[in-house]
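To start, the structure under review is shown below, and the notes come after it.
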Amino acid sequence: MKSNLLSRRDLDFLLYEWLRVDELTKRDRFAEHSRETFDGVLELCEQLATRYFAPHNKKSDAAEPTFDGDTVTVIDEVKEALDAFTQADLLGVAMDAEHGGAQLPVTVAEAGLAWFSAANVSTTGYLMLTIANANLIAKFGTPEQIDAFLRPMLAGRFTGTMALSETHAGSSLADILTRAEPQPDGTYRLFGSKMWISGAEHEMTENIVNLVLAKIPGGPAGTKGISLFIVPKYLVNDDGSIGERNNVVIAGLNHKMGQRGITNTVLNFDGAVGYLVGEPHRGITYMFTMMNEARLGVGMGAVALGYTGYLKSVDYARERPQGRPVTAKDPTSPQIPIIEHADVKRMLLAQKAYVEGGMALLLYCAKLVDVQHSAETDAERDAATLLLDILTPVGKSWPSQWCLEANSLAIQVHGGYGYTREYDVEQHYRDNRLNAIHEGTHGIQSLDLLGRKVTQRGGASLAALGAAIAQTVEIANAAGGDAAELAPRLTATWQRLVEVTTAMFASGDIDAALANSVAYLEAFGHIVVAWIWLEQVVACNGRAGDFYDGKRQAARYFFRSELPKTGPQLDLLAALDRTTLDMRDSWF
Numbered sequence: 003m004k005s006n007l008l009s010r011r012d013l014d015f016l017l018y019e020w021l022r023v024d025e026l027t028k029r030d031r032f033a034e035h036s037r038e039t040f041d042g043v044l045e046l047c048e049q050l051a052t053r054y055f056a057p058h059n060k061k062s063d064a065a066e067p068t069f070d071g072d073t074v075t076v077i078d079e080v081k082e083a084l085d086a087f088t089q090a091d092l093l094g095v096a097m098d099a100e101h102g103g104a105q106l107p108v109t110v111a112e113a114g115l116a117w118f119s120a121a122n123v124s125t126t127g128y129l130m131l132t133i134a135n136a137n138l139i140a141k142f143g144t145p146e147q148i149d150a151f152l153r154p155m156l157a158g159r160f161t162g163t164m165a166l167s168e169t170h171a172g173s174s175l176a177d178i179l180t181r182a183e184p185q186p187d188g189t190y191r192l193f194g195s196k197m198w199i200s201g202a203e204h205e206m207t208e209n210i211v212n213l214v215l216a217k218i219p220g221g222p223a224g225t226k227g228i229s230l231f232i233v234p235k236y237l238v239n240d241d242g243s244i245g246e247r248n249n250v251v252i253a254g255l256n257h258k259m260g261q262r263g264i265t266n267t268v269l270n271f272d273g274a275v276g277y278l279v280g281e282p283h284r285g286i287t288y289m290f291t292m293m294n295e296a297r298l299g300v301g302m303g304a305v306a307l308g309y310t311g312y313l314k315s316v317d318y319a320r321e322r323p324q325g326r327p328v329t330a331k332d333p334t335s336p337q338i339p340i341i342e343h344a345d346v347k348r349m350l351l352a353q354k355a356y357v358e359g360g361m362a363l364l365l366y367c368a369k370l371v372d373v374q375h376s377a378e379t380d381a382e383r384d385a386a387t388l389l390l391d392i393l394t395p396v397g398k399s400w401p402s403q404w405c406l407e408a409n410s411l412a413i414q415v416h417g418g419y420g421y422t423r424e425y426d427v428e429q430h431y432r433d434n435r436l437n438a439i440h441e442g443t444h445g446i447q448s449l450d451l452l453g454r455k456v457t458q459r460g461g462a463s464l465a466a467l468g469a470a471i472a473q474t475v476e477i478a479n480a481a482g483g484d485a486a487e488l489a490p491r492l493t494a495t496w497q498r499l500v501e502v503t504t505a506m507f508a509s510g511d512i513d514a515a516l517a518n519s520v521a522y523l524e525a526f527g528h529i530v531v532a533w534i535w536l537e538q539v540v541a542c543n544g545r546a547g548d549f550y551d552g553k554r555q556a557a558r559y560f561f562r563s564e565l566p567k568t569g570p571q572l573d574l575l576a577a578l579d580r581t582t583l584d585m586r587d588s589w590f
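Every letter in the sequence shown is one number past the one before it in our numbering, and letter 216, counting from 1, is 218.
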């Protein structure tokens, strides 16, 4: 039966017809794999997500974790799902072979993980955090740390978290107060409190590995004085067995509007034993490895939630009879499925443009990671890094905004049923609403994009993206048809963005330039996704059938209804508008 979680046909198109991930097997890192192994992983992920994750999605939302002052209780189905994922050897599927991984391309691994997010984003959150935690330790940890913490995580014995935020500081990590006191034995004792820590307390695994940001007394002020520590729930003995309970104490659970199935905690560190990762005062540098991975993971989670909501609203629209054509005069004539009404088509087409565009964007970012991991030259690795740097804030924020809009439209398509708990789409909206905040708000991502990524290395990332877009346009013009029709619109909008960006910084008024950075992020993101849609149209060239016609129509919609939205935003940015900047506290 056709799945309403994701479209396997779309994934196959994106992976093989567009990104050609099977060609990665020509690289040494992926030489042990083939199209057959990729397909096998994707089929396994769909089966496990359908069998173990989707069935308890509504139950884990209604019966969220509880804390009795001593123990956190999570419904049994969550552990069953995590165990099924672990037993399928999926935790380390993209990691290096030396750590027990299978060195599968990240592109394929992310496509596989998307099935689980679409089925149950809360339960999948435990896995996403554990995988990102393990990747950080693999990159920066000592051999002893890898043996003690990474290998048990890949075996499913431990789970992992990231503990950054504090109640008074939020995303302003420079202001964290958690401190780490060095000890004669080389360990540290941590004192402080962390807030909003997902997955940091439960009884489903033997141990929980917290990656914690803290300051060593006497270090530099601000973010330059932050170090990174492994702080496990239980200490691990030299032989790998579980030791005594560490002084990491849960103070309570946060109760969220969505993604209720994953614990969200307040943690207190009262002299907890911690192990320094890497060098002192370089914690932010190390943590950005996990943060950037998590940002793209949040983006993919947003896509998956938007995607499943879209598919369910298409199914509903095909099955729900209501009304007649606007030109029908006979009230006794049969009603038609609502998918035949123009406004319902509009809402479904918008969803399709958002979720298929978002999926393509995130898989493109994942392929850049694969190129980084397997590059044959420094130049090739550097080129991939430049593109990934500038696309990461877009890959996190654009789906968190527009695939959420897809969820909103899915509710609208369902009408009055859409906001009832008997249908899935209201939960998908609540679950997805968190992603605009997870791993940095739109405002934070916009400042990262405009204030750092656009200007880094003399604008090298912006230039690299411009070159990639120009290459697509050249191919599109040569292809003719829809591709050639859409290409000039992309070129004109991109050129306008570059002109506005240059003028903003040339003005010297940095405050005004950054005041409307969210508008910049939204315009930038829409232009990037228009490019991604043009790429898909090029990949459809010469191919016939409903699937390809649907792709071309979604691209037309995006270029005609969505891309023009960037015009007023670019006008606002070009004017260095100070309306919000000049607003005063007393005027609110």
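Just so you know, even glycine gets a beta-carbon here, dropped at the ideal spot from N, CA and C.
- Ranking Ala-514, Gln-538, Val-502 and Leu-389 by CA distance to the CA of Gly-468 puts Leu-389 first.
- Counting along the chain, the unbroken alpha helix (DSSP H) around Gly-301 starts and ends at 285-321.
- Counting along the chain, the unbroken alpha helix (DSSP H) around Arg-558 starts and ends at 548-559.
- By the neighbour-count definition (other C-beta atoms within 10 Å, threshold 16), Gln-337 is an exposed residue.
- Per DSSP, Ala-517 is one residue of the alpha helix (DSSP H) stretching across 512-517.
- Under DSSP, no beta-bridge partner is assigned to Asp-91.
- Here the stretch 416-429 lies against the stretch 58-68, with 3 or more beta-carbon pairs under 8 Å apart.
- When secondary structure is reduced to three states using DSSP, Ala-33 falls in the coil class, being assigned neither helix nor strand.
- Contact between Met-155 and Leu-93 holds: CB atoms are separated by about 7 Å, below the 8 Å threshold.
- Three or more Cβ pairs closer than 8 Å define a contact, and the stretch 154-170 meets that threshold against the stretch 194-209.
- For Ala-438, there is no enclosing alpha helix (DSSP H), as DSSP marks it with neither H nor E.
- Rounded to the nearest whole angstrom, the CA to CA distance from Pro-570 to Arg-326 is 37 Å.
- Your pair Leu-488 and Ala-525 does not check out as a contact, with CB atoms roughly 18 Å apart and the cut at 8 Å.
- The stretch 444-458 and the stretch 470-481 do not touch, with fewer than three beta-carbon pairs separated by less than 8 Å.
- Looking at the backbone, the Cα of Thr-443 and that of Thr-334 are separated by about 52 Å.
- With a cutoff of 8 Å on beta-carbon distance, Val-211 and Phe-160 are scored as near each other.
- Secondary structure of Arg-247 (DSSP, three-state): strand.
- Under the three-state reduction of DSSP, Gly-260 is assigned to coil, being neither helix nor strand.
- Fewer than three pairs of CB atoms, one per stretch, sit closer than 8 Å, so the stretch 141-157 makes no contact with the stretch 110-117.
- Using a Cβ distance threshold of 8 Å, Gly-260 and Leu-436 count as a contacting pair.
- In terms of CA proximity to Arg-432, Cys-405 leads the group Asn-248, Cys-405, Thr-457 and Arg-297.
- Rounded to the nearest angstrom, the Cβ distance from Phe-40 to Val-110 is 5 Å, consistent with a contact under 8 Å.
- Taking 8 Å as the cut-off, the beta carbon of Gly-245 is found closer than this to the beta carbon of Val-238.
- Within the same chain, Gly-158 come within 8 Å of Gln-89 by CB-CB distance, once the 5 residues on both sides are set aside.
- Per the C-alpha coordinates, the member of His-430, Ala-304 and Thr-568 positioned closest to Val-520 is Thr-568.
- In the three-state DSSP reduction, Gly-276 falls in the strand class (E or B).
- Tyr-425 carries a coil assignment under DSSP once its states are collapsed to helix, strand and coil.
- Membership of Pro-401 in the alpha helix (DSSP H) is indicated by the continuous run 380-416.
- For Tyr-236, the enclosing beta strand (DSSP E) starts and ends at 236-238.
- The residue among Leu-17, Val-279, Gly-460 and Asp-85 with its C-alpha nearest the C-alpha of Glu-208 is Asp-85.
- Taking C-alpha positions only, Arg-37 is separated from Met-130 by approximately 24 Å.
- Under the Cβ criterion (8 Å, minimum of three pairs), the stretch 272-288 does not count as touching the stretch 301-308.
- Trp-589 counts as exposed, since fewer than 16 other beta carbons sit within 10 angstroms of its beta carbon.
- Shown here, Lys-455 sits in a helix according to DSSP, grouped into three states.
- By the neighbour-count criterion, in which 16 or more other beta carbons inside 10 Å mark a residue as buried, Ile-512 falls on the exposed side.
- Val-74 carries a strand assignment under DSSP once its states are collapsed to helix, strand and coil.
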